[in-house]
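Numbering (my numbering), first residue to last: 3 to 232.
For glycine and all other residues, C-beta sits at the position ideal for the given N, C-alpha and C.
I have placed the structure first, in the form of structure tokens, so that the comments after it can refer back to it.
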């Protein structure tokens, strides 16, 4: 509700803004308020990962790990005490490994489609950054108290969420809902300055070709962020 709309200028609350440091280009900075903030909230508030490395180790699955949110989620998760399994297409396997993932699955292979960890681990949390994967695929791969955090919840997600809550199931799917906070954005910018987080840029489009940018986004195969420039 507080997002922008591909305008040349927009008004933002001061409490939700952070100065852009000179180490960070405008293009790199553009990806952080949406992609990195979403990944940060999913990991810290929903999955319970402590990014300072404290707390018990968690096993995390990140789907569509080379995408606009997924590539940030991999980097942030590895700051915590986590083992990260990630899925992506074959052309991005090496990229996702370079971001820190411990195991990377090609989602078009049988094991990738089934979300099976190569080391037979069960997931404490899934940061689900794509669509089209039914609960029946997730459930056998979750630990006893495992949860799926769905970043783009559908009607099916909401129905499964309600059913699991009604039956008091320990395994559950949770729709991601959050409001951005300035202090979280400030924390992420600090990580960028320290070299602990980076924005992977798929492509850049001028504002006059915003329709082309949307078309590429809807295609669902972007690597990192698609940026629209004035």
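- Per DSSP, residue 88 is one residue of the beta strand (DSSP E) stretching across 84 to 90.
- DSSP places residue 54 in the coil class of the three-state scheme, outside both helix and strand.
- The C-beta distance from residue 70 to residue 86 rounds to 17 Å, too long to fall under 8 Å, and the pair is not in contact.
- Distance from the CA of residue 64 to the CA of residue 15, rounded to the nearest whole angstrom, comes to 31 Å.
- By the criterion of at least three beta-carbon pairs nearer than 8 Å, the stretch 72 to 79 is in contact with the stretch 187 to 199.
- Spatial neighbours of residue 188 in its own chain (CB-CB distance under 7 Å, excluding positions within 5 residues in sequence) are listed in chain order as 20.
- 95 is the residue among 95, 83, 100 and 126 whose C-alpha sits nearest the C-alpha of residue 114.
- In the structure shown, residue 167 falls within a helical segment according to DSSP collapsed to helix, strand and coil.
- Within its own chain, the residues whose Cβ lies closer than 6 Å to the Cβ of residue 61, once the five positions on either side in sequence are excluded, are 85, 123, 125 and 126, listed in chain order.
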